[in-house]
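Numbers given in this note's numbering equal positions in the sequence shown, counted from 1, plus 291.
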Amino acid sequence: METCEKFHENVILYMEGSLKSQEKEKFVLHLKNCKRCQRYLKYIQMLISEKVSDADDEYWNNLTKRIIDNINNFCTMAELRILRLKGLFIGLLCLSFLIMTVLKEHHKNQEIVRHYHLYKDLPVIEKLDELQELCAFEK
Ligand SMILES: [Zn+2]
């Protein structure tokens, strides 16, 4: 005959279905004859089913919420990244345009400076009117 203490030790194994057939026979026999262990088993089953169902509800409710939160977080992060990339891209375009313009002007000025000796001895026409008169005269 199994003792109550031994029965308590084997409750979990019994519920898992991992008791050996000989031990299971002793377990069931003890359960049939011991009111105390019947109550104990009912109590354990109640405790486990309550805990499991509670945990399940909370787990599944939270799981859905967690998944949605994760997706939202990911989307927000992705959107922010895309926005940042767009901003960076536009900024780079503006900056490169500015640099190009400055370089072009600089190059033009350098050309003028380099060829200054070609222009410096040319007669300077001071008045635009004079030039127009000259052109009219040419015709
Ligand atoms: Zn017992």
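Every residue gets a Cβ at the ideal spot worked out from N, C-alpha and C, and that includes glycine.
Query, Result
"Segment contact, 8 angstroms Cβ cut-off, at least three pairs: the region 294-307 with the region 316-325", "yes"
"Status (buried if at least 16 other CB within 10 Å, exposed otherwise) for PHE318", "buried"
"Cβ neighbour criterion (16 or more within 10 Å) applied to GLU307", "exposed"
"Distance between beta carbons of LEU338 and VAL302, contact taken as under 8 angstroms", "With a Cβ gap of about 11 angstroms, VAL302 and LEU338 do not count as contacting."
"Cα-Cα separation between HIS397 and LYS377, rounded to whole angstroms", "30 angstroms"
"Neighbourhood of GLU293 by C-beta, 6 angstroms cutoff - its chain only, sequence neighbours within 5 removed", "LYS317 and HIS321"
"Contact test: ARG357 Cβ vs ligand 1 heavy atom, cutoff 7 angstroms", "no"
"Any non-hydrogen atom of ligand 1 closer than 7 angstroms to CYS328 Cβ", "yes"
"Segment limits, alpha helix (DSSP H) that includes LEU310", "No alpha helix (DSSP H) holds LEU310; DSSP gives it neither H nor E."
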